[in-house]
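Please read the structure below before turning to the comments.
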Amino acid sequence: MSHQSSRALQKYRNEVGIRFQLYNSLFTSLPFHRIEKTGILLSLLSSNCEEGYKKNLSPIRIIDEFFTRHTSYGNEKDRTDLLFRFVQYLERQVVLFDALEDAAFKEVNDVNGIGTLKHIESEVIQNNQEDELAKKLRDFSIRLVLTAHPTQFYPGSVLGIINDLARALADNNTNVINTYLQQLGKTPFFKKKKPTPYDEAV
């Protein structure tokens, strides 16, 4: 690994990875019904999955062993409820991670480096190639295709929180971050009706 890519990876770990661990721990302290237990049990499930995978256990056996070893849930309804809470918890972790990446984008990416328009402009000027670039741009065209996928669709309320959370993370404003994490914990992520193509594009 080159020194530059090693430095970039460390920057990413500092700006996104470590901060994710820090702010993710706030989820376990949110004042919502059974959320602390959910976070702890999810961590235990993760360990159980790793161990079970190494032992070549089936997914059903891994889940059954988790429930037997770490919970008192005996009936299917309670088990399904906990698994659903895991999904909800993970959804919120993904949103936090997305917001951290958005907030750290300029820190972890060289926005003026190789491959950017700023870099190309600099190269063109430095090599006195303005005429060649102008000629190329006269014939150049692109066909822009925007796509969206329903599984990557967040409701507008969640997108608003992601945007505001990313801003608060960039400003390193812990009180505001905590407020947005609380909103995230209370905001539903699913809609009862399928989004329209317009909803997905907006």
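Throughout the sequence shown, residue numbering follows this note's numbering, covering 207 to 408 in sequence.
Even for Gly, the Cβ is constructed at its ideal location relative to N, Cα and C.
Which class does P361 belong to by DSSP, given the choice of helix, strand or coil?
coil
Counting pairs of Cβ atoms below 8 angstroms between the segment 293 to 309 and the segment 260 to 272, do you hit three or more?
no
Starting from E271, trace the alpha helix (DSSP H) both ways and give me its first and last residue.
P265 to H276
Taking only the alpha-carbon atoms, compute the straight-line gap between F226 and L339 and give it to the nearest angstrom.
43 angstroms
What's the gap between the Cα of L350 and the Cα of R275?
53 angstroms
Report the option in Y229, E256 and G319 whose CA atom is closest to the CA atom of Q388.
Y229
Let me confirm a value: R219 is counted as buried when at least 16 other C-beta atoms fall within 10 Å, else exposed. Which label applies?
exposed
Express the C-alpha separation of V301 and G171 in angstroms, rounding to a whole number.
Nothing in the structure corresponds to residue 171, since the chain is present only between 207 and 408.
Can you check whether the CB of V364 is closer than 8 angstroms to the CB of D385?
One point to set straight first is that residue 385 is Thr, not Asp, in the sequence displayed. Contact: no.
Nearest candidate by alpha-carbon position, reference A372, set K312, F290, T353 and K243
K312
Inter-residue Cα distance where the pair is L247 and Y360:
26 angstroms
Could you compute how far the alpha carbon of A310 sits from the alpha carbon of T353?
25 angstroms
Can you tell me which of the three DSSP states N334 falls into?
coil
What separation, rounded to the nearest whole angstrom, lies between the Cα atoms of N318 and F273?
51 angstroms
Residues of its chain near R285, where Cβ-Cβ distance is below 7 angstroms and the 5 sequence neighbours each way are ignored:
F273 and Y279
Buried or exposed, going by whether 16 or more other CB atoms sit within 10 Å of the CB of I326?
exposed
Kindly indicate which three-state DSSP category S249 falls into: helix, strand or coil?
helix
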